[in-house]
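Structure, as structure tokens:
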Amino acid sequence: MDSSIYNTSKNVFLDTVNANDYVQLDRVSTIYQSLKDSINKPLKMILLYGKPGTGKSMFLTKLHKDISTSKVVHLYSTPILDESEFYKTLAQDIFNTKYHGELNFTQFMKIVNATKLDSIPIVLLDEAQLYSDALMEKIRLLSDTRTVKFVITLHKTEKEDLIAKEHFQTRIWETIELENALSGELKIYIQKKLMKANCFDTASMFVDKNINLIYKLTSGNYRDTNKLLYTLFDLYSIYEQNHRLSSFKINAISNKLIEMSALHTGLIHA
Amino acid sequence: MLNIIELEKQWMRYKIKYYFPHFTIFVSTLIISIVVFVLIKHDATSSTTPVKKVVTPLPKELPPTIKKQELPSETQLKLQPSLKFIKDMQNISRPYVEAPKVHHPKVVETKEKVKPQTVEVVLPKQEKMSRISIKRKDTSQDLQKIIKRFKQSNNPGLSLFIAKKYYAQKNYQQAYNYALITNKLNSEIDESWIVFSKSLVKLGKKEFAIKVLQEYIQDTQSSTANILLSDIKSGKFR
Numbered sequence: 093m094d095s096s097i098y099n100t101s102k103n104v105f106l107d108t109v110n111a112n113d114y115v116q117l118d119r120v121s122t123i124y125q126s127l128k129d130s131i132n133k134p135l136k137m138i139l140l141y142g143k144p145g146t147g148k149s150m151f152l153t154k155l156h157k158d159i160s161t162s163k164v165v166h167l168y169s170t171p172i173l174d175e176s177e178f179y180k181t182l183a184q185d186i187f188n189t190k191y192h193g194e195l196n197f198t199q200f201m202k203i204v205n206a207t208k209l210d211s212i213p214i215v216l217l218d219e220a221q222l223y224s225d226a227l228m229e230k231i232r233l234l235s236d237t238r239t240v241k242f243v244i245t246l247h248k249t250e251k252e253d254l255i256a257k258e259h260f261q262t263r264i265w266e267t268i269e270l271e272n273a274l275s276g277e278l279k280i281y282i283q284k285k286l287m288k289a290n291c292f293d294t295a296s297m298f299v300d301k302n303i304n305l306i307y308k309l310t311s312g313n314y315r316d317t318n319k320l321l322y323t324l325f326d327l328y329s330i331y332e333q334n335h336r337l338s339s340f341k342i343n344a345i346s347n348k349l350i351e352m353s354a355l356h357t358g359l360i361h362a
Numbered sequence: 078m079l080n081i082i083e084l085e086k087q088w089m090r091y092k093i094k095y096y097f098p099h100f101t102i103f104v105s106t107l108i109i110s111i112v113v114f115v116l117i118k119h120d121a122t123s124s125t126t127p128v129k130k131v132v133t134p135l136p137k138e139l140p141p142t143i144k145k146q147e148l149p150s151e152t153q154l155k156l157q158p159s160l161k162f163i164k165d166m167q168n169i170s171r172p173y174v175e176a177p178k179v180h181h182p183k184v185v186e187t188k189e190k191v192k193p194q195t196v197e198v199v200l201p202k203q204e205k206m207s208r209i210s211i212k213r214k215d216t217s218q219d220l221q222k223i224i225k226r227f228k229q230s231n232n233p234g235l236s237l238f239i240a241k242k243y244y245a246q247k248n249y250q251q252a253y254n255y256a257l258i259t260n261k262l263n264s265e266i267d268e269s270w271i272v273f274s275k276s277l278v279k280l281g282k283k284e285f286a287i288k289v290l291q292e293y294i295q296d297t298q299s300s301t302a303n304i305l306l307s308d309i310k311s312g313k314f315r
């Protein structure tokens, strides 16, 4: 086997959010399609929620990439926590208005009302649980004007708090939940990811026994799986460099190395 | 770079920790199984040892139809039954032969075909000869056990046995009760009707016993019942 294959495979699982790395799985594709359909509906706000590592950020990135050619869409992966800065950023990106100095909500709404747009811009806000309650209220008011459509992502627990607020219940017209992968989906996810990077040899090394162990360790969480497999191939590279790879089977991934990776990443403890 | 040696050590610790509960459960289960097995075995041996009883008065109770049986061993022991049993047959109905509840491994009881009046019992080789004195020990405790068994199984054979035992112990009221129960469970057992009628006579209900026997004879033409009826009528049986 090519000596660099483990390094290549390792890099496949780098924890980055890149729309090109999006792996199409049946269930996930259905959810993604429903999100895309929701964008075309006259909704004020779409809520995308799920546990950390279930692919919310990837969804937003992918959505941004897919609809940016046909719609006005702005993605804010990192929350802008300062209110004034938030309004100024929206004013500049959506309404092409550069504002110097402090910008409050009233002033921002004046800009919104004064500007006529051809189509309703879509604002994608990742990690919305980090925004303050006050700012979330302003976002709600802004969505009420129907001049801006929001797609927000947040962790499930935060969503539960948010949903509890009555005024949001009436405005969030669509909620989409993302979940961890099932065992079968995890296998497809791993193999598709590797095959996308032409790592066919390592992709074929994952047998059901390995997948079951990985699933047991990560509960199908995509982020944990990426971390685990990154470390796994890192270990393979090191064993290879030390010429100790012969102690492992070459046609299947070693469960021992998976467990060692899990120990290193903190998924299990000795 | 990852420290593989340290990671391998951690992995080893993890595996030990992981398998330790399984190992503990396995060992505990094994120990418990062994203890239970030993206790059961001990119970079994202790419950079999105390009572060694096989019927000796065979000659007295065995009907003439009992056949001889040969055991796969050389030494033979001949038991000569008392000829008195023929006479007794006139008075006593066909005895109920109950297989012993617990068999001692070394003692084998056999009842089979008998040439006219002999019973041959062949003992295993190692039981180097010696006449076996087989005694039947009937304690009230045994009877209680059989009553308990009867209550569980409702076996008419057992109730008949109990009736006969009570009759032998001169507890005619109980003998009557159990014979009645036996008749209810199975009305075709000759002996049961005999014990029933005899108990009635002993309880002073001679007329009723005669009536019962007459009806029974009418239905079954039982010769034993006939003999008993004539004995009761003539006053021979009181």
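Quick mapping for you: the protein sequence lines, in order, are chains A and B.
Going letter by letter, the first sequence gives residues 93 to 362 in the numbering used here.
Going letter by letter, the second sequence gives residues 78 to 315 in the numbering used here.
The beta carbon of each residue, even a glycine, is placed where N, CA and C say it ideally should be.
- Ranked by Cα distance from Val278 of chain B, the options B:Leu305, B:Gln298, B:Ile266 are led by B:Leu305.
- Ile360 of chain A carries a coil assignment under DSSP once its states are collapsed to helix, strand and coil.
- Counting only Cβ-Cβ distances below 7 Å, Tyr91 of chain B has contacts in chain A at Glu351, Leu355, Ile360, Ala362, in chain order.
- For Lys348 of chain A, the chain B residues whose C-beta falls within less than 9 Å of its own C-beta are Glu85, Trp88, Lys92, listed in chain order.
- For Ile82 of chain B, the closest Cβ of chain A is not nearer than 8 Å.
- In the DSSP assignment, the residues bridged to Gly142 of chain A are A:His247, A:Leu270.
- With a contact defined as Cβ atoms closer than 8 Å, Ile123 of chain A and Ile268 of chain A qualify at about 6 Å.
- Taking CB atoms only, Leu79 of chain B has a neighbour in chain A less than 8 Å away.
- Put simply, of A:Ile280, A:Thr161, A:Leu155 the residue whose alpha carbon is nearest the alpha carbon of Asn112 of chain A is A:Leu155.
- DSSP, reduced to helix, strand and coil, places Lys275 of chain B within a helical segment of the structure shown.
- Under a 10 Å Cβ-count criterion, His119 of chain B is classified as exposed, with fewer than 16 other Cβ atoms of the shown protein chains found around its own Cβ.
- Ranked by how close their Cα comes to the Cα of Thr207 of chain A, the residues A:Leu173, A:Phe242, A:Leu182, A:Leu274 have A:Leu182 in first place.
- Asp326 of chain A has a beta carbon lying within less than 8 Å of a beta carbon in chain B.
- Contact annotation: Phe325 of chain A and Lys128 of chain A have beta-carbon atoms that are not nearer than 8 Å.
- Counting along the chain, Val104 of chain A sits inside the alpha helix (DSSP H) bounded by residues 97-104.
- When the five nearest sequence neighbours on each side are left out, the beta carbons in the same chain lying within less than 8 Å of the beta carbon of Ile266 of chain B are those of Pro233, Leu237, Thr259, Asn260, in order along the chain.
- The C-beta of Ile330 of chain A comes closer than 8 Å to at least one C-beta of chain B.
- If you look at His166 of chain A, you'll find it in the beta strand (DSSP E) that goes 165-168.
- Counting only runs of at least 3 residues, the stretch 262-307 of chain B fully encloses no beta strand (DSSP E) element at all.
- With respect to the 8 Å criterion, Leu234 of chain A and Val240 of chain A are classified as neighbours on the basis of their beta carbons.
- Taken atom to atom, the span from the alpha-carbon of Tyr255 of chain B to that of Lys241 of chain B is near 9 Å.
- Annotation: Leu220 of chain B to Asp308 of chain B spans about 30 Å, alpha carbon to alpha carbon.
- Ranked by Cα distance from Glu175 of chain A, the options A:Leu337, A:His361, A:Leu274, A:Ala226 are led by A:Ala226.
- His335 of chain A is classed as exposed because its beta carbon has fewer than 16 other beta carbons within 10 Å across all chains shown.
- Looking only at A:Cys291, A:Arg119, A:Asn110, A:Phe105, the smallest Cα-Cα distance to Glu277 of chain A is reached by A:Arg119.
- Judged by DSSP secondary structure, Ile239 of chain B falls outside any beta strand (DSSP E) and instead within the alpha helix (DSSP H) spanning 233-245.
- Boundaries of the alpha helix (DSSP H) harbouring Ile306 of chain A: 300-310, taken from the DSSP string.
- Per the C-alpha coordinates, the member of A:Lys157, A:Ser338, A:Gly358 positioned closest to Asn110 of chain A is A:Lys157.
- The Cβ atoms of Ile345 of chain A and Asn302 of chain A lie closer than 8 Å to each other.
- Ser276 of chain B sits buried, since 16 or more C-beta atoms from the chains shown fall within 10 Å of its C-beta.
- The count of Cβ pairs closer than 8 Å, one atom from the stretch 137-153 of chain A and one from the stretch 179-198 of chain A, stays below three, leaving the stretches out of contact.
- Distance between Tyr96 of chain B and Gln87 of chain B, taken at the CA atoms: about 14 Å.
- Annotated as distal: Thr297 of chain B and Ile271 of chain B, with beta-carbon spacing of 8 Å or more.
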